[in-house]
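Protein chains in written order, with numbering that gives the first Met the number 0: chain A, 0 to 816; chain B, 0 to 181. Shown next, in structure tokens, is the structure this report addresses.
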Amino acid sequence: MGYIGQRIPGRNNLRLARGAGQFTADVQMPNPCFMALVRSPYAHAEIEHVDVSAAQGLPGVIDIATAAEVAQATRPFSFARPPEVEVNLADMDGKRLREYALAERWVGYSGRPVAAVVAEDPNTAAEAAERVAVQYRELPVVASAEDALKPGSPGAIPGWNDNLVFHTRYAKGDAASAIAKAPGVITGRVQVQRHVPVPLEPRAFVADYSTRTGRLTMYASTQMPHTDRSILAGALGMASEDVQVIQPDVGGGFGCKVPGSDEEVLVAFFARRLERPVRWTEERSEYFLACGHARETWFDFEAGYREDGKLLALRIDAVADIGLPFGAWVQSSVTAYCLPCGYAVDHCEVSMRSVVTNKCKWGGYRGFGKEAASFCMERIMDRIADAAGLDRVEVRLCNFIPADAFPYGQVSGALLDSGNYQGAMAKLLALVDQEAFRQEQAAARTNGRCLGLGIGFELTPEGCSMPNSDFLQGWDGATVRMDPGGRVTVLTGVTSPGSGNETGIAMIVADELGVPLDTVTVVQGDTDRCPYGLGNFSSRSLMIGGSAALAAARELREKLLSVGAKMLDADPEDLELANGEIRVAAAPAPPAADAPRNPGGPAWSVPIRRVARKIYSHAFGAETAHVEPGLESTRYFRIGNVHHQPETEGRLSFYPTWPFMAVAVVVEVDVETGFVEVLRCAAVHDCGTVVNPTLVEANTHGGIAQGLGAALYEELLHDDAAQLLTTTLMDYTLPTAVEMPAELSVAHQETPTAATPLGAKGAGESGVAGPMAAVASAVEDALGVEGLALMTLPLKPERVWRSIREVAGAVQMGETA
Amino acid sequence: MKLKFSRVFDAPRVALWSAMLDPAVLARVIPGVERFETVGEDTYDATLKVGVPAVKGEYQGQVSIRDKVRGGDGPYSYVLEGGGQGQQGWAKGEARIEFSDAGPGTRLDVDADVQVGGRIAGVGQRMIEGVAKIMAEEFFAAFDRELKRKRTGAGGSVAFFLRAALRFLRGLFTRRSPGRSS
Numbered sequence: 000m001g002y003i004g005q006r007i008p009g010r011n012n013l014r015l016a017r018g019a020g021q022f023t024a025d026v027q028m029p030n031p032c033f034m035a036l037v038r039s040p041y042a043h044a045e046i047e048h049v050d051v052s053a054a055q056g057l058p059g060v061i062d063i064a065t066a067a068e069v070a071q072a073t074r075p076f077s078f079a080r081p082p083e084v085e086v087n088l089a090d091m092d093g094k095r096l097r098e099y100a101l102a103e104r105w106v107g108y109s110g111r112p113v114a115a116v117v118a119e120d121p122n123t124a125a126e127a128a129e130r131v132a133v134q135y136r137e138l139p140v141v142a143s144a145e146d147a148l149k150p151g152s153p154g155a156i157p158g159w160n161d162n163l164v165f166h167t168r169y170a171k172g173d174a175a176s177a178i179a180k181a182p183g184v185i186t187g188r189v190q191v192q193r194h195v196p197v198p199l200e201p202r203a204f205v206a207d208y209s210t211r212t213g214r215l216t217m218y219a220s221t222q223m224p225h226t227d228r229s230i231l232a233g234a235l236g237m238a239s240e241d242v243q244v245i246q247p248d249v250g251g252g253f254g255c256k257v258p259g260s261d262e263e264v265l266v267a268f269f270a271r272r273l274e275r276p277v278r279w280t281e282e283r284s285e286y287f288l289a290c291g292h293a294r295e296t297w298f299d300f301e302a303g304y305r306e307d308g309k310l311l312a313l314r315i316d317a318v319a320d321i322g323l324p325f326g327a328w329v330q331s332s333v334t335a336y337c338l339p340c341g342y343a344v345d346h347c348e349v350s351m352r353s354v355v356t357n358k359c360k361w362g363g364y365r366g367f368g369k370e371a372a373s374f375c376m377e378r379i380m381d382r383i384a385d386a387a388g389l390d391r392v393e394v395r396l397c398n399f400i401p402a403d404a405f406p407y408g409q410v411s412g413a414l415l416d417s418g419n420y421q422g423a424m425a426k427l428l429a430l431v432d433q434e435a436f437r438q439e440q441a442a443a444r445t446n447g448r449c450l451g452l453g454i455g456f457e458l459t460p461e462g463c464s465m466p467n468s469d470f471l472q473g474w475d476g477a478t479v480r481m482d483p484g485g486r487v488t489v490l491t492g493v494t495s496p497g498s499g500n501e502t503g504i505a506m507i508v509a510d511e512l513g514v515p516l517d518t519v520t521v522v523q524g525d526t527d528r529c530p531y532g533l534g535n536f537s538s539r540s541l542m543i544g545g546s547a548a549l550a551a552a553r554e555l556r557e558k559l560l561s562v563g564a565k566m567l568d569a570d571p572e573d574l575e576l577a578n579g580e581i582r583v584a585a586a587p588a589p590p591a592a593d594a595p596r597n598p599g600g601p602a603w604s605v606p607i608r609r610v611a612r613k614i615y616s617h618a619f620g621a622e623t624a625h626v627e628p629g630l631e632s633t634r635y636f637r638i639g640n641v642h643h644q645p646e647t648e649g650r651l652s653f654y655p656t657w658p659f660m661a662v663a664v665v666v667e668v669d670v671e672t673g674f675v676e677v678l679r680c681a682a683v684h685d686c687g688t689v690v691n692p693t694l695v696e697a698n699t700h701g702g703i704a705q706g707l708g709a710a711l712y713e714e715l716l717h718d719d720a721a722q723l724l725t726t727t728l729m730d731y732t733l734p735t736a737v738e739m740p741a742e743l744s745v746a747h748q749e750t751p752t753a754a755t756p757l758g759a760k761g762a763g764e765s766g767v768a769g770p771m772a773a774v775a776s777a778v779e780d781a782l783g784v785e786g787l788a789l790m791t792l793p794l795k796p797e798r799v800w801r802s803i804r805e806v807a808g809a810v811q812m813g814e815t816a
Numbered sequence: 000m001k002l003k004f005s006r007v008f009d010a011p012r013v014a015l016w017s018a019m020l021d022p023a024v025l026a027r028v029i030p031g032v033e034r035f036e037t038v039g040e041d042t043y044d045a046t047l048k049v050g051v052p053a054v055k056g057e058y059q060g061q062v063s064i065r066d067k068v069r070g071g072d073g074p075y076s077y078v079l080e081g082g083g084q085g086q087q088g089w090a091k092g093e094a095r096i097e098f099s100d101a102g103p104g105t106r107l108d109v110d111a112d113v114q115v116g117g118r119i120a121g122v123g124q125r126m127i128e129g130v131a132k133i134m135a136e137e138f139f140a141a142f143d144r145e146l147k148r149k150r151t152g153a154g155g156s157v158a159f160f161l162r163a164a165l166r167f168l169r170g171l172f173t174r175r176s177p178g179r180s181s
């Protein structure tokens with residue numbers, strides 16, 4: 000039996016749990032200096048003058064950089080932005096925006112770096128940064144998408160004729176006339192709030208420049224070391240080979256640690272200029288201001304349905320507040336791309352306007368826009384159920400894409416590889432005894448307690464591969480090497496943000512080579528050692544990086560078998576690799592297998608390490624001369640089901656695998672305060688072949704925590720001047736262990752994909768959207784007030800409390816409860 | 000952000016009004032003021048040093064006074080408008096300041112609408128109201144001292160002497176310490 004499918008704990012768990020992790024801020028270098036940034040306190044302003052004299056005089060200050068110097072020594076940031084953004088901008092009425100790591104004359108959000116200081120210690124650097132006097136001239140602020148779209152709105156970016164950066168549109172059938180003919184029509188608005196991912200480890204960079212080699216070494220809390228290397232080399236005008244990026248342990252990424260930040264380029268800039276190690280570790284308040292926001296979107300919908308709950312036609316007019324158009328604003332297009340998610344709708348129109356405002360740019364955040372799309376669709380399903388007087392589960396079942404309709408072309412042209420949504424829902428309902436819950440609910444109600452059950456379904460496509468992108472590619476490289484002692488090293492282009500994919504990759508390679516798992520070492524996150532790869536995003540590390548490692552291991556396996564066959568005097572086809580040895584498949588059970596096959600003849604089996612030794616030490620021998628020396632293979636894997644050639648392949652399809660999850664939550668709502676507590680959560684997750692259920696569940700648990708945070712607590716708030724008011728963890732509430740449901744279970748369904756050799760889909764972003772939807776649904780169920788529709792997140796006590804009181808009849812319910 | 004303060008001073012309305020508009024007085028009583036210069040009619044440049052955590056730092060700004068209402072029986076009032084920028088961000092806003100009779104003294108009502116930005120908004124917003132309150136208290140206390148100092152100031156006027164004597168006598172009869180009526 001192999002390792003794949005077994006429950007094996009992450010190989011770094013113990014090390015990390017006992018505090019032996021080494022994060023970027025733990026990396027020691029001799030004689031370091033420390034960077035601090037001067038950030039704009041204005042959301043929109045012109046910079047009139049920067050006076051650094053007061054900072055220069057401070058003892059311990061080593062260097063101060065202003066925008067002009069950085070502009071001279073680095074290339075502008077257009078390269079550092081996702082190229083698809085550049086491509087899109089080129090089509091946009093000449094709307095362009097090129098920026099250096101420090102703002103030169105213009106700042107477009109509060110928190111934008113304006114000047115940078117380096118000092119002997121972090122406190123002096125911070126003090127000096129405070130002494131840099133910047134004179135600003137305020138410009139009119141665009142603080143919300145609503146304001147940005149008003150005719151005559153001041154521009155968030157000077158010189159642009161409006162605040163629209165991109166309008167994504169998809170259509171199928173004739174939604175307008177189908178809605179006009181539909182027996183029932185509902186309309187409404189769904190709203191998802193602005194978020195940040197909040198990894199435990201904020202951003203951190205440590206760089207050194209060697210005058211001897213002319214090379215820059217950057218330790219970075221990053222998700223993509225090779226892409227990072229290209230960006231740093233490009234920004235500093237260096238050859239890629241002269242930049243080494245090392246990713247030590249990462250304390251969470253969730254999308255916010257994709258490379259291309261102002262801060263990282265500045266650390267590299269100073270390291271080269273000073274020829275001295277430079278360190279920067281982000282403060283939490285800086286993280287909130289400048290790392291990258293996500294998700295703020297509203298959806299105006301109009302849905303026509305039949306009496307049986309079948310969704311006949313759907314129009315969605317969505318608007319996303321993307322802040323400044325850098326970073327990962329393309330998430331808003333992904334939202335549109337996913338709609339209407341796992342549901343089959345014959346007539347559908349999707350419009351998404353990505354609107355710029357004077358807020359921080361978007362950064363990637365787990366879900367990458369898919370969570371907003373699923374949340375929107377789930378709310379629509381619940382509204383149809385309420386309007387038609389049907390069961391919420393029944394409405395979903397009647398609208399799901401049928402299991403025999405895959406691969407299924409969705410409205411956008413997205414090609415959904417495989418799925419069985421009805422199966423996942425049926426399995427979920429088997430886990431959640433609805434009848435028993437209704438009895439529990441009724442009993443609780445007589446005691447004045449309001450319990451509710453909610454169901455949510457999410458579709459989370461993974462493995463993003465966009466045309467013409469340096470960031471988002473659906474291929475990756477891996478090297479597998481066996482040393483003369485039979486130990487295996489896997490070097491991958493993919494990385495782990497702490498999710499444990501190194502364990503899964505080791506399992507795949509160990510199975511393919513038939514060696515014990517503990518003889519396989521996985522090396523990630525070092526551009527000098529690992530083959531080129533795209534790193535970690537879109538849940539790609541196991542399904543794409545694991546597949547590359549599998550391909551490389553397979554080459555090694557063939558060589559081992561070929562030499563093993565000679566050593567055993569057998570046909571390679573008759574051999575198998577398992578338990579550290581190559582043996583004749585028809586071998587008898589021990590102890591008979593320990594004896595030679597016939598007197599004086601070859602053995603039944605040979606240890607793999609002896610085969611490896613033979614290849615290294617007897618390269619000219621009779622058993623080895625027919626194969627190439629060495630035991631190392633580097634292979635690159637390109638995932639299936641990506642279509643980038645619309646002229647020959649139809650529409651653009653950039654997500655190869657489509658995992659999904661059905662989830663149920665039970666909540667208790669305090670009618671007096673509006674406070675919601677999540678009591679139980681059960682989910683059925685399907686990411687195709689499960690390589691390691693323990694790791695998939697651990698990831699999903701994390702996703703559920705973030706989904707509950709999105710549903711109930713987390714929200715970035717700005718004032719009218721686009722000043723961020725939530726810049727600490729006291730203001731931006733995260734769920735902790737205390738807020739997690741006491742009962743939490745994740746079950747699996749396996750619908751393999753044809754896009755990867757193992758049938759495995761991505762699994763890293765699952766768990767966010769389902770709980771967002773299920774909690775909203777459960778709170779409505781708990782309150783049992785007719786007409787109550789909770790369409791805006793988060794469901795903080797104030798919002799729930801007000802909603803209860805705004806709906807007619809709610810007060811009586813509160814009194815009887 | 001809306002802020003409201005009020006305080007009763009033991010001084011007649013006219014005296015309070017004049018003192019509140021006297022740059023020399025303001026330069027002495029505004030907490031942390033390092034510089035207070037008249038740059039035009041009812042317009043001043045100021046440098047302020049704030050020591051309260053979360054907004055700590057030096058701020059440069061300008062304030063001006065407009066819409067003065069004085070005379071008649073109704074309350075006096077004016078509008079103070081200003082803004083400044085410093086190490087922790089910026090603040091701007093306006094305050095309506097109203098003077099009305101309160102027994103022998105004068106009641107001062109401050110009704111302000113303030114916008115803040117930068118770290119003051121992010122880190123400090125939860126405590127900004129408290130900070131503003133502390134600074135207002137400091138200001139009022141210093142102002143109170145200033146008014147008293149004026150009353151007991153060297154030489155003094157005949158009227159002041161008579162008023163003090165009267166209070167002293169009243170105090171003897173009521174066996175209460177002279178001075179404060181409250």
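The C-beta atom is built at its ideal place from N, Cα and C for all residues, glycine as well. These numbers were taken from a predicted model, which means no experiment stands behind them.
Short-range partners of chain B found in the region 111-136 of chain A, where Cβ spacing is below 7 Å: GLU129
What residues from the region 314-342 of chain A come within 8 Å of chain B, judged by C-beta to C-beta, listed N to C? none
Using 8 Å as the threshold, is the C-beta distance between VAL113 of chain A and SER52 of chain A below it? It is not a contact, given that the beta carbons lie outside the stated cut-off.
Which residues in the same chain have their Cβ closer than 6 Å to the Cβ of ALA319 of chain A, if we skip the five residues on either side of it in sequence? THR296, SER331 and SER353
VAL68 of chain B at chain A interface by Cβ criterion, 8 Å: no
Find the residues of chain A that neighbour GLY116 of chain B, judging by a C-beta separation of less than 7 Å, and give them in chain order. PRO40, TYR41, SER109, ALA720 and GLN722
Is LYS360 of chain A closer than 8 Å to ALA721 of chain A when the C-beta atoms are compared? no
Out of A:LEU792, A:GLU749, A:VAL675 and A:TYR531, which one is the CA nearest neighbour of SER229 of chain A? A:TYR531
Can you tell me whether DSSP reads PRO466 of chain A as helix, strand or coil? coil
Chain-ordered neighbours of ASP261 of chain A on chain B, where CB pairs are closer than 7 Å: Within chain B, no residue comes near ASP261 of chain A; the closest Cβ sits about 18 Å away, beyond 7 Å.
At a CB distance below 8 Å, what residues from the region 268-294 of chain A approach chain B? Give them in sequence order. Cβ contacts with chain B: SER284, PHE287 and LEU288.
Go to ILE803 of chain A, then tell me how far its beta strand (DSSP E) extends in each direction, as first and last residue. That residue, ILE803 of chain A, is in no beta strand (DSSP E); its alpha helix (DSSP H) goes 796-805.
Does the separation of the CB atoms of PRO734 of chain A and ALA704 of chain A fall below 8 Å? Contact flag set, yes.
If we ignore side chains and look at the alpha-carbon of each, how far apart do ASN398 of chain A and GLY303 of chain A end up? The alpha-carbon atoms of ASN398 of chain A and GLY303 of chain A are separated by roughly 13 Å.
Just the Cα atoms here: how many angstroms apart are PRO751 of chain A and GLY758 of chain A? Taking C-alpha positions only, PRO751 of chain A is separated from GLY758 of chain A by approximately 4 Å.
For the candidate residues A:GLN644, A:LEU430, A:ARG444 and A:VAL508, whose alpha-carbon lies nearest to that of VAL662 of chain A? A:LEU430
In or out: PHE268 of chain A buried (at least 16 other Cβ within 10 Å) or exposed? buried
Note down, in chain order, each residue of its chain lying with its Cβ closer than 7 Å to the Cβ of GLU713 of chain A, except the 5 sequence neighbours on either side. So the qualifying residues of the chain are HIS194, TYR731, THR732, LEU733 and PRO793.
Is the region 439-450 of chain A touching the region 753-773 of chain A, taking contact as three or more C-beta pairs under 8 Å? no
Nearest to ASP241 of chain A (by Cα), restricted to the options A:GLY259, A:VAL249, A:GLY213 and A:VAL257: A:GLY213
Can you name, in chain order, every residue of its own chain whose Cβ lies under 7 Å from the Cβ of GLY236 of chain A, other than the five neighbours on each side? ARG74
For CYS347 of chain A, the first and last residue of its enclosing alpha helix (DSSP H): Looking at the DSSP string, CYS347 of chain A is not in any alpha helix (DSSP H); the run it does join, the beta strand (DSSP E), is 346-355.
For GLN86 of chain B, decide whether its Cβ has a neighbour in chain A, counting only Cβ atoms nearer than 8 Å. yes
Let me know if ILE156 of chain A comes out buried or exposed under the rule of 16 or more other beta-carbons within 10 Å of its beta-carbon. Taking all protein chains shown into account, ILE156 of chain A has 16 or more neighbouring C-beta atoms within 10 Å of its C-beta and is therefore buried.
Measure the C-alpha to C-alpha separation of ILE29 of chain B and ALA115 of chain A and round it to an integer number of angstroms. 33 Å
Backbone secondary structure at THR647 of chain A - three-state DSSP: In this structure, THR647 of chain A counts as helix in the three-state DSSP scheme.
Classify ASP227 of chain A: buried if its beta carbon has 16 or more other beta carbons within 10 angstroms, exposed otherwise. buried
From the DSSP output, in three-state form, read off LYS91 of chain B for me. LYS91 of chain B sits in a strand when the DSSP states are folded into three classes.
Taking the alpha carbon of LEU559 of chain A as the point to measure from, which residue in A:ASP120, A:VAL514 and A:GLY503 has its own alpha carbon closest? A:VAL514
Could you check whether the Cβ of ALA187 of chain B sits closer than 8 Å to any Cβ belonging to chain A? Here chain B has residues from 0 to 181 only, and residue 187 of chain B is not among them.
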